[in-house]
Structures are given as C-alpha cells and as structure tokens.
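Protein chains in written order, with the numbering used here: chain A, 678 to 1077; chain B, 678 to 1077. Some notes on the structure that comes next.
2 protein chains.
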Amino acid sequence: MRAGPSQEEIRRHNLGALLRHVHLSGPTSRAELTSRMGLNRSTIMALTADLTAAGLVREELPRETGRAGRPSLVVRPESARVYVFALDVGVDRLVAARVGLGGAVLDRRETARRRGPFSLEETVGPLAAFARQMHRRTRPDTVCVGVAAAFAGGVAQGDGIVRFGPNMGAADVPFGEEMARRLALGLPVAVGNDANLAAMAEHLRGVGVGCRDLVYLHGDVGVGGGVIAGGTLLGGHQGFGGEVGHMVVNPEGRRCGCGSRGCLEAEVGERALLEAAGRFGSQIGREAVRAVVSAADRGDVVAQAALSRVGDWLGLGVANLVNVFNPEMVVFGGMLREVYLGSAAQVRSRLNLDALPASRERLRLRTTALGDDATLVGAAELAFAQVLADPLEVLARAGS
Amino acid sequence: MRAGPSQEEIRRHNLGALLRHVHLSGPTSRAELTSRMGLNRSTIMALTADLTAAGLVREELPRETGRAGRPSLVVRPESARVYVFALDVGVDRLVAARVGLGGAVLDRRETARRRGPFSLEETVGPLAAFARQMHRRTRPDTVCVGVAAAFAGGVAQGDGIVRFGPNMGAADVPFGEEMARRLALGLPVAVGNDANLAAMAEHLRGVGVGCRDLVYLHGDVGVGGGVIAGGTLLGGHQGFGGEVGHMVVNPEGRRCGCGSRGCLEAEVGERALLEAAGRFGSQIGREAVRAVVSAADRGDVVAQAALSRVGDWLGLGVANLVNVFNPEMVVFGGMLREVYLGSAAQVRSRLNLDALPASRERLRLRTTALGDDATLVGAAELAFAQVLADPLEVLARAGS
C-alpha cells in the first residue's frame, strides 16, 4: 500500500508526463498540452520553463497557424541535444543507434552476425565500437541519458543477465554489466527481451498506438512474443513472461530447441517452413522465407502446402493467445510477417474454429509497422524510460 | 496521459488506502499504519478521524500491549455496520452472502442449482429472495455499499452482460441489470467471471497473498482461469481475458463444448476424468471426482490411468501458462484441486518436460486456500472495490 504523493513528487510526475507527451507525440502547443494533461495554463508554463531550463525541450512559434490572434507556443523535444544509445543483439545482426529525444534515429551502425554459439566478446566488442564512433561525432553540448539493449533471449528482470537464448547458445550471460563496462559512459545498460521490446515499440510508436491489449509475435529462427496487457508490458515474476514461442500447440509435433516437442516455435519458425517447403539447408534467413512465399504466389504447390501447414499452426497459436489474453490486436513481425501475409486465410480459418467468438469478434490482425527496427525502437524507449519518469534527476546524474 | 492529482484527490486516495489496509489486514495500530503507509502521525490521525466520522472504522484501545507506555490506538473496520452483498452463480449452486467490511461473512444463503439451460428468472429470483431475507435481518444503522456477482461465464467489462456461458447455456444475458432491478437497493450490480474473481480472492485473501503474478485454474464442468499479472487482474480488451480452459492443448483431442477440439477444458474437465475412469453417467459433480481419486488411492488401475491421463494434459496446460505468464504461483481450485492432488507427480513431470527451466525454477504449485468460496470472496472484493477507491463518495451515495 502506497500513500499519496507529495507536492514535489507530483511536480516530478507532471514534468515526466509532459516530456513523455512531446517525446511520443512530437511538438505540441501549450494550449494542447493544457487540454491533454488536464492542468491549467500557468502550471503548463511552469513545467515547460523547468524542462526548457534543463535543456530537455524548447519553445518556439509555430511555423504557421492559419488562425488570427497570438499563436500558442509549441513545445518541442531537444532531439539533437538529448539522446540515448539503443542496441539490438539479434540472431543475424548487431545494431547500435543513437536516438534523439522524440524518437528520431540520429546515427546508426549495423553488422551481420554469423549464426552459431554466442560469444560475449564478439557481441559486446562491435557494439561498443559502434557506440564510441557515434559518440565521437556528437556535438559537445549533447548529453546521453540512457543505454538499453534488445536481446534475442530470456532476460532476468532488473539485472540485465541473459538467462537463456536457445537459438544463440547464450545462458546466464552478464550482458548488461559487461556492455556498461565496455561503453564506459558511466551509465547502466538496461537489457530487455527482443520481442517484449518490439511489442512495446509497436504499442508506443507502431501499428498498436492507442491499443492497450496487444500481442506481438516475432519469428526468426525462434519465435518470441511480447504482450501488452492493460497498457503494461507483461513481465511475469522474473521477467520471462511472453515466451509464447514455447507454448506447445502440437504435442505429437516437431522437436523444439528447448527440449520439448510441438512448441509454436517448432511448428511455425523458419526451419519448420523451410523444411516443409523442401528448402532447408540451401538457404536460410528472411530471404529464404520470402522465396517460399513468392513461390507459393507463383503456384508452386509444395510451397503452398508448406505455407498452409505453417499457417494452420500459427492460427492455432493465435487462437490460444486470443482465448488467454482477449487482445484487441495481434501483430506479426519478423519472418512471421511474411508467413502471415502468405497464409492469412488459413490463419483466419483456424482462428474462427478455435477462438471464442466473443474474444475474436473485435480482434484485429496486423503486421508490424516498424519492421525489423521494432526491437531497436523498443530498446530506445527502454533507454528513455528513466528520463521520462524523472527528467531532472536523470539529467542531474548525467552531469549536464 | 494523466496529470498529477490534486490535494483533494490525494486525500481521497489516502482515505481509500487506509481503509483498504484495515479491510484486508484487519485491526491495525495507528503506529503501524504510520509506518506501513509512509505518512506522518498527524496525517494518519486526520484520515482516521474522517473515516471514523463516516462510520467506516472505529478506534479502540488494544486488548493488551505487553509494552510499557501509552499504547497506540487500534483502527478497526466497522464490520457489523458496513457490508456488501456477494452473489455466486455457479454451475451447481446459487449462493448469496452478506459480507462485512473486513471480509467476514455475516450471513449466508445457498441453494442447489440443477445443471441445464440457464434461466434468468430461476437465477435472479432465488438470489434476490436470499438478499431480501438477509437485508431484513440487519440492524437499522447498517449500510450496504455494494453488490457484486460471480458468474460461471464470460462477462463483458463494465456492463454486467454475460456474453457466453457454454456450460450453462447463457448468452448475452443482462444479468447485472436484472439483478439490480430485482434487488431494488438503488445500487448497481457488478458482475465478474467466476475464475477471475476467485483468482483475485486467492491473491488478496488466500494462498497467493503477497504474490503479484499468479494463475488460478478452476475446474468444474468447465475449466476457467484467472490471471493476476503484476498485481492486476488480466481483463483483456473486452473483459474475456483468462479463458485458459479454451487453450487447445491437444489438436487431435476430445470435442469441447465451445465447438473446438482438445481444449484444456475438454481434456481435464469433469467429463474427461469420469469418462476415462469409465464412470461417466452414473455420478456427476465433485463427489464423483473425489470417488475417482480415492479409487486410484486404493489401487484401482482404471482410476489411476484416468488420473494419469488427465494429469498429463493438466501438466501440459500448466507448462504453457508458465511459459506465457512466468507466474510465481499456479493455484488449483474446484475439481482441479482433487485432480492435482491425485496426479501431482504427473503434472510435475510434464511441467519439467515442457516449461522453460528459467520460468519454472521458482514456480510454486498450490491448491486453493479459500475452497469453493473463492468465487464468493472474490465477488465480495469486487463489491467493496468502489468504497475502497473513494470511501466518502460511496458512503454519501449510499445515503448514510
């Protein structure tokens, strides 16, 4: 049980709420902030003044108003000055980006990752080098307020330790700590599961904006998921919530990397599709998946049967998630985007069979709006979380 | 985005928080409230004075302190004066109870319900009669602050309309509205899904106290579930979240009442167990389930095989939920309590096979602490929700 907040806590809450608003919605007039936040004009002015003094926002006249009278000043995030580093450790690639307040990617580096055993050094090394390169190119008056990484594996809440990553061979890796040491920015590195962060990204900036109950399904070698329930990311007791790829849909089915049988991942992941299409081994990755979908489009019956089989299991998995979560939207990302687009009728038909009518009648099925950068965008939002929760405190610690 | 609260909102929040504390934890000394709520003594005194004046709590000297010096006054909920009606529409019974602030059942009426098609009149009629009988027996200075019902079916958020109840034949029944009309207490009747309310009850007053991530599984004719995620009940977009009984675990499996095949409900519900034990038709209900478990205990190989089969599917269902939710605890209620106790080894063995090690290593499997009254206790908590959110407002409306 928590008691109500003090005046100072309310001020900090409001500073964060205002900053969060311009961060997510972009430049906003004082008049609109007044109405959206339900505060009076003088409070908005005072909050804006504090954030301006801290160098987090600036106020300017709008370009054109089209209205008579004195225009309301527009509050704009200091995107060029305040930034975070967002990192993405995927199965096939490593990405580092410098992302400005407001969400713009200011700079970006990427390298391919060879599939195979996970090496901490081969992961942390290139990412740290990318961050240093980008850091050197920043102007002296810029300030880094956070660092976060998306990781294709299970990440324990709080400590940035990767507990499992069956498709990368990672287990109990102190990734966050080592990354922070190598970056030497004096900032901790928050780490999140890739699909969880992608779900958050689609919820905040993608196809799921305004949608408080959303399931994001990501496919690559593995299948991961992220669940937004009532506007909040489902973490679970230790942070491993949302591992929907290891929901068993076919107890008599294919062996899964986790040791079980018939997991959603085993039935709809990259390997399941390529094997069903008789193409496993010759090609791998997204291109190989796209090749199956376009072969099916051209009438290749083997490819069509493969997509139909995988789409059927995908539909069953989605039906289970619809019954369990009653989401407003299910979003397909990674190779599942291609699979869904190539087998939407099959997915829908299975869904109609296995999902409760009341739970599916308002359901929307969508593909990712942010594409493969959903995880990176999610990592940036995780990195911004602290400064949005308590802007002045974080800025003070960042030494500006 | 919401702005921070006003002083008056903080006061109301604190009044609710204090009342909630004594409601859930029982009589509490001012000193302990001061430390638990993180407020100073004078604030606690003022809040307690307001709640005392409203007749919601009273202060008294503790029976014995065992310490020297002036003892801290104990704040006690006015359990005999402030109450709610809690209703339970189960498959086999109808229950109405008068529950005092603090959670004590002050009065209670119950009648058996014949399984079969749902009749609004045959449900609302007896419950309204029970409530009237109990109401007549209250003292003149008592006040009813809420009414809520648990219903064995899917209930749409907010409007109390039962959208589906495949095991009771209910569909689109305006149960809350009709119940409120018949009670004529001038109060709305909140309605919740029975398993969702039971989950909340176990979280607040049962085996899951202090546990913020919990899955409750209830079995009768049907199998329902309630999920507490991060301390909050998972509702989903329309309120149908947690229908884990319709998660397909065996696509080649038994037909389910929902029209699908191999749902958890179809594989582990009452009928699945009784049919596997060759006992379907002769007996039904909890007694029949108990008879199978005790036959297995006595060495009946058919009963043992039936429990083993059902325990295996139950273990698979639990494994899926563990991977999806990463809960701290799974609680078995209804006939699933008996099934779990009779097949715990099977459930554990399947769990070890299909649940991710990181997600299950801290998992606790437990049986309900509240038994068949979990739904009723949950309904009472739903009925108290308003007065705990804003004590003075609700009391003013109740006309005290």
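Where is the CB? At the ideal position from N, CA and C, for every residue including glycine.
The stretch 961 to 969 of chain A makes no contact with the stretch 932 to 946 of chain A; the number of CB pairs closer than 8 Å stays below 3. Listed along the chain, the chain B residues whose CB falls inside 8 Å of the CB of Gly883 (chain A) amount to none; the nearest CB is some 18 Å away. The stretch 919 to 935 of chain A makes no contact with the stretch 1038 to 1055 of chain A, as fewer than three CB pairs between them are under 8 Å. From the listed residues A:Ala1066, A:Gly777, A:Gly899, A:Val886, the smallest Cα separation to Val1007 (chain A) is found for A:Val886.
Taking 8 Å as the cut-off, the Cβ atoms of Ala1051 (chain B) and Glu787 (chain B) do not count as close. Classified as buried, Gln915 (chain A) has 16 or more neighbouring CB atoms from the shown chains inside 10 Å of its CB. One finds nothing in chain A with a Cβ atom closer than 7 Å to the Cβ of Thr705 (chain B); even the nearest lies about 11 Å away.
Near chain A, meaning a CB-to-CB distance below 9 Å, the residues of the stretch 863 to 888 of chain B are Cys888. For Ala983 (chain A) and Leu1047 (chain B), the gap between their C-alpha atoms comes out near 49 Å. Taking Asp836 (chain A) as reference, the option from A:Pro803, A:Gly715, A:Asn870 with the minimal CA-CA separation is A:Asn870.
Interface annotation, Met722 (chain B): not in contact with chain A, CB-CB separation never under 8 Å.
Distance from the CA atom of Leu1072 (chain B) to the CA atom of Leu716 (chain A), rounded to whole angstroms, is 29 Å.
The continuous beta strand (DSSP E) containing Arg785 (chain B) extends over residues 782 to 789. Taking a beta-carbon distance threshold of 8 Å, Ser985 (chain A) does not count as an interface residue toward chain B.
Residue nearest to Leu911 (chain A) within the set A:Leu941, A:Gly883, A:Arg791, A:Ala872 is A:Ala872 (criterion: CA-CA distance).
Within the model, the alpha-carbon separation for Ala996 (chain A) versus Gly779 (chain A) is close to 36 Å. Taking a C-beta cut-off of 9 Å against chain A, the contacting residues of the stretch 1023 to 1045 of chain B are Leu1030, Asp1031, Ala1032, Leu1033, Pro1034, Ala1035, Ser1036, Glu1038, Arg1039, Leu1040, listed in chain order.
Under the 8 Å Cβ criterion, the stretch 820 to 828 of chain A counts as touching the stretch 750 to 764 of chain A, having at least three qualifying pairs. Asp890 (chain A) is classed as buried because its beta carbon has at least 16 other beta carbons within 10 Å across all chains shown. Following the DSSP letters along the chain, one finds Leu1065 (chain B) inside the alpha helix (DSSP H) bounded by residues 1051 to 1066. Within the stretch 689 to 770 of chain A, complete beta strand (DSSP E) segments of at least 3 residues are found at 734 to 737, 751 to 754, 759 to 766, given in chain order. Look at Ser937 (chain B): its C-beta is under 8 Å from a C-beta on chain A. Taking 8 Å as the CB threshold, Leu733 (chain A) stays off the interface with chain B. From the beta-carbon of Asp890 (chain B), the residues of chain A found nearer than 7 Å are Gly913, His914.
For chain A, the residues of the stretch 812 to 844 of chain B that bring a beta carbon within less than 7 Å of one of its beta carbons are Gly831, Arg840, Phe841, in chain order.
DSSP places Arg1027 (chain B) inside the alpha helix (DSSP H), whose first and last residues are 1021 to 1031. Val766 (chain A) and Arg859 (chain A) do not touch by the CB rule: their CB atoms are close to 13 Å apart, not below 8 Å. Between Val1001 (chain A) and chain B, the shortest Cβ-Cβ separation is below 8 Å. Per DSSP, reduced to three states, the secondary structure at Gln915 (chain B) is coil, with no helix or strand assignment. Within the same chain, and ignoring the five residues on either side of His698 (chain A) in sequence, the residues whose Cβ sits closer than 8 Å to its Cβ are Thr705, Leu710, Arg713, Met714.
Residues of the stretch 914 to 929 of chain A that bring their beta carbon within less than 9 Å of a beta carbon in chain B comprise His914, Gln915, Gly916, Phe917, Gly918, Gly919, Glu920, Val921, Gly922, His923, Met924, Val925, Val926, Asn927, Pro928, Glu929, in sequence order. Against chain A, the beta carbon of Leu1059 (chain B) has no neighbour under 8 Å; the closest one sits roughly 17 Å away. Using beta-carbon distances, Leu771 (chain A) does not count as an interface residue toward chain B, since no partner is under 8 Å. Under a criterion of Cβ atoms nearer than 9 Å, the residues of chain A adjacent to Leu993 (chain B) are, in order, Val925, Pro928. Under the 8 Å criterion on CB atoms, Ile687 (chain A) is classed as interfacial with respect to chain B. Listed by position along chain B, the residues whose Cβ is nearer than 9 Å to that of Glu1005 (chain A) are Gly913, His914, Gln915.
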